[in-house]
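2 protein chains.
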Amino acid sequence: MSAAPRSPRERFREQTRNEAKRVAMEQLAVSGPSGISVNAIAKEMGVTGPALYRYFANRDALLTELVADGYRDLAETLERIAHEHRRRSPENRFREVAAGFRAWALAGPQCFLLLFGTPVPGYAAPEETFELADRAFRPILDALAELAPEGAPSGALDRQLVSWRERRGGPRPPVAALRKAVRAWSRLHGVISLEVIGQFAGMGVGPEPLFRAEVESVLAEPWV
Amino acid sequence: MSAAPRSPRERFREQTRNEAKRVAMEQLAVSGPSGISVNAIAKEMGVTGPALYRYFANRDALLTELVADGYRDLAETLERIAHEHRRRSPENRFREVAAGFRAWALAGPQCFLLLFGTPVPGYAAPEETFELADRAFRPILDALAELAPEGAPSGALDRQLVSWRERRGGPRPPVAALRKAVRAWSRLHGVISLEVIGQFAGMGVGPEPLFRAEVESVLAEPWV
DNA sequence: TAGCAGACGTCAGAGGTTATAACGCAAATA
DNA sequence: TATTTGCGTTATAACCTCTGACGTCTGCTA
Numbered sequence: 051m052s053a054a055p056r057s058p059r060e061r062f063r064e065q066t067r068n069e070a071k072r073v074a075m076e077q078l079a080v081s082g083p084s085g086i087s088v089n090a091i092a093k094e095m096g097v098t099g100p101a102l103y104r105y106f107a108n109r110d111a112l113l114t115e116l117v118a119d120g121y122r123d124l125a126e127t128l129e130r131i132a133h134e135h136r137r138r139s140p141e142n143r144f145r146e147v148a149a150g151f152r153a154w155a156l157a158g159p160q161c162f163l164l165l166f167g168t169p170v171p172g173y174a175a176p177e178e179t180f181e182l183a184d185r186a187f188r189p190i191l192d193a194l195a196e197l198a199p200e201g202a203p204s205g206a207l208d209r210q211l212v213s214w215r216e217r218r219g220g221p222r223p224p225v226a227a228l229r230k231a232v233r234a235w236s237r238l239h240g241v242i243s244l245e246v247i248g249q250f251a252g253m254g255v256g257p258e259p260l261f262r263a264e265v266e267s268v269l270a271e272p273w274v
Numbered sequence: 051m052s053a054a055p056r057s058p059r060e061r062f063r064e065q066t067r068n069e070a071k072r073v074a075m076e077q078l079a080v081s082g083p084s085g086i087s088v089n090a091i092a093k094e095m096g097v098t099g100p101a102l103y104r105y106f107a108n109r110d111a112l113l114t115e116l117v118a119d120g121y122r123d124l125a126e127t128l129e130r131i132a133h134e135h136r137r138r139s140p141e142n143r144f145r146e147v148a149a150g151f152r153a154w155a156l157a158g159p160q161c162f163l164l165l166f167g168t169p170v171p172g173y174a175a176p177e178e179t180f181e182l183a184d185r186a187f188r189p190i191l192d193a194l195a196e197l198a199p200e201g202a203p204s205g206a207l208d209r210q211l212v213s214w215r216e217r218r219g220g221p222r223p224p225v226a227a228l229r230k231a232v233r234a235w236s237r238l239h240g241v242i243s244l245e246v247i248g249q250f251a252g253m254g255v256g257p258e259p260l261f262r263a264e265v266e267s268v269l270a271e272p273w274v
């Protein structure tokens with residue numbers, strides 16, 4: 051991310067780190083989070099196992115970086131989609147972003163599970179993760195903010211959301227938009243998550259129409 | 051489950067298996083699915099590692115049984131709740147079952163994740179799992195079936211659901227109930243899943259009011 | 001009741017993992 | 001050019017899963 055790695059050494063270091071993470075993502079796609087092995091990554095890169103410990107403190111640190119990269123990738127994907135459809139109606143932009151979320155998840159199910167599946171036991175998400183999760187959440191929130199009416203917060207959920215909005219800074223979308231965005235996130239996550247873990251396979255339900263119905267349900271619900 | 055283990059040997063065998071699974075569940079609660087270690091279980095039980103391989107083919111077989119037990123426990127919990135509230139209105143019964151699902155998940159988050167989180171890599175759910183998942187799904191479906199109007203299926207989702215209903219046998223709830231039950235399952239799963247993986251912690255949103263809102267949204271939505 | 005088959009638990013070990021320590025070498029820096 | 005710094009190696013410890021060989025003890029059967 052930082053533009054200029056000064057020394058050639060740092061450049062090389064950055065390059066090695068990236069290749070390690072690339073190989074790790076390949077292993078992730080094949081065998082899931084628990085299948086990522088420092089030794090196997092090193093072998094794939096043509097070095098011995100312990101060499102990688104010059105680049106990552108331990109296996110968890112590597113996974114943590116993969117999580118951050120995953121969030122970043124998701125956020126950039128959704129931002130790009132929102133930008134591509136910036137001329138369309140907010141409703142359609144929301145539909146596109148939602149569909150993009152699902153497509154992103156299905157394109158790399160294991161990556162989705164790395165972010166939203168079983169957390170690594172002793173894992174505590176660093177601050178950066180929250181910010182990146184925020185970024186991924188934004189395109190949905192922004193689209194809905196254009197549709198939402200202004201209105202005073204009412205109820206426990208509204209109060210929490212307003213508090214979060216103030217703490218977070220930046221623009222202040224109507225509380226109705228926050229409400230709807232959180233519920234949209236939850237509903238999208240519900241369908242996508244069930245689809246990715248193969249829960250629908252047992253009942254022969256194709257998740258596509260279900261997903262569309264849930265997207266529409268968010269738009270159709272009254273703002274209250 | 052089978053009532054009478056004939057020989058004292060089989061009785062002892064069953065007992066040892068159950069204790070191993072009990073210890074495994076303790077480890078699961080502490081360190082998550084990947085933290086379950088055959089060796090550690092054995093040590094906790096006062097025997098050496100390989101001894102347990104007389105009772106479980108391998109680590110995956112043990113995890114598979116834990117998954118089945120988890121589904122069974124969830125199904126029985128929801129069935130019990132539905133039975134306890136059988137005199138109340140279907141709406142309230144649905145509310146209670148939904149709340150029970152969430153309470154069950156929060157009581158044993160790691161168990162929830164074992165069932166609905168990242169699947170174990172080489173794990174293929176046996177037939178039994180689908181039946182047990184069905185059982186857990188039933189109380190929700192039954193409550194909604196009492197409310198749903200009859201009606202001809204319309205749309206892709208409806209066709210799939212009808213096909214599933216026929217394949218499954220037993221009573222034939224209205225397709226509108228199937229539709230709503232699947233969407234209810236998806237929505238409940240969305241909130242609960244995000245709550246269990248701690249996704250709401252970053253935004254300071256207490257999941258309780260969100261969960262209530264989602265439950266009500268299922269009931270409030272038109273049957274169409 | 002006596003004997004025996006089979007189940008059980010142990011040890012030994014192969015092959016895998018994460019992770020650390022000590023060593024030599026090459027490259028960047030002063 | 002001399003020195004420091006970083007890198008990759010091997011060796012090693014401490015885990016892990018899982019197999020095979022070997023006694024022991026138990027419960028069924030004759």
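Going line by line, the protein sequences match chains A and B. Residues 51 to 274 in our numbering are what the first sequence spells out, letter by letter. Residues 51 to 274 in our numbering are what the second sequence spells out, letter by letter. For every residue, glycine included, the Cβ atom is placed at its ideal position computed from N, Cα and C.
- In the three-state scheme derived from DSSP, where H, G and I count as helix and E and B as strand, Arg-185/B is classed as helix.
- When DSSP states are grouped into helix, strand and coil, Arg-138/B belongs to the coil group.
- Using a 10 angstroms sphere on the CB of Trp-235/A, the tally of other CB atoms reaches 16 or more, which defines it as buried.
- Remark: C-beta atoms of Gly-254/B and Ala-226/B do not approach each other more closely than 9 Å.
- When C-beta distances to chain A are compared with 7 Å, the residues of the stretch 249–268 of chain B below that value are Gly-252, Met-253, Gly-254, Val-255, Gly-256, Pro-259, Leu-260, Ala-263, Glu-264 and Ser-267, in chain order.
- If you draw a 10 Å sphere on the C-beta of Ser-243/B, you find 16 or more other C-beta atoms in it, and that means buried.
- Within chain B, no C-beta atom comes less than 8 Å from the C-beta of Pro-189/A; the nearest is roughly 16 Å away.
- When only Cα atoms are considered, Ala-195/B and Val-147/B end up about 14 Å apart.
- Between Arg-237/A and Arg-237/B, the beta carbon gap of about 6 Å places them in contact (Cβ cut-off 8 Å).
- The count of Cβ pairs closer than 8 Å, one atom from the stretch 53–70 of chain B and one from the stretch 250–264 of chain B, stays below three, leaving the stretches out of contact.
- Within the same chain, Ala-231 and Trp-235 come within 8 Å of Phe-187/A by CB-CB distance, once the 5 residues on both sides are set aside.
- In the DSSP annotation of this structure, Arg-56/B is not part of any alpha helix (DSSP H), being labelled neither H nor E.
- Taking a Cβ-Cβ threshold of 7 Å, none of the residues of chain B is close to Phe-151/A; the smallest such distance is about 13 Å.
- Residue environment for Thr-98/A: exposed (fewer than 16 other C-beta atoms within 10 angstroms of its C-beta).
- For a Cβ distance threshold of 9 Å, residue set Met-253, Gly-254 and Val-255 of chain B lies close to Trp-214/A, ordered along the chain.
- Sixteen is the threshold: since fewer than 16 other Cβ atoms of the shown chains lie within 10 Å of the Cβ of Arg-138/B, the residue is exposed.
- Thr-98/B sits in coil when the DSSP states are folded into three classes, being neither helix nor strand.
- Cβ contact annotation for His-135/A (same chain, cutoff 6 Å, sequence separation greater than five): Arg-143 and Glu-146, in chain order.
- Per DSSP, the continuous alpha helix (DSSP H) segment holding Ser-236/B begins and ends at 225–246.
- For the 9 Å CB-CB criterion, Gly-248/A and Ala-175/B form a contact.
- Around the beta carbon of Trp-273/A, fewer than 16 other beta carbons lie within 10 angstroms, which makes this residue exposed.
- Under the three-state reduction of DSSP, Trp-273/A is assigned to coil, being neither helix nor strand.
- Residue contact check for Gly-167/A against chain B: a CB pair falls below 9 Å.
- For the stretch 220–247 of chain B, residues whose beta-carbon sits nearer than 7 Å to a beta-carbon of chain A comprise Val-232, Arg-233, Ser-236, Arg-237, His-239, Gly-240, Val-241, Ser-243, Leu-244 and Ile-247.
- Gly-240/A has its alpha-carbon roughly 23 Å from the corresponding atom of Pro-224/B.
- The Cβ of Glu-271/B sits closer than 9 Å to at least one Cβ of chain A.
- For Ala-183/A, the nearest beta carbon of chain B is closer than 9 Å to its own beta carbon.
- In the three-state reduction of the DSSP assignment, Glu-177/B falls in the helix class.
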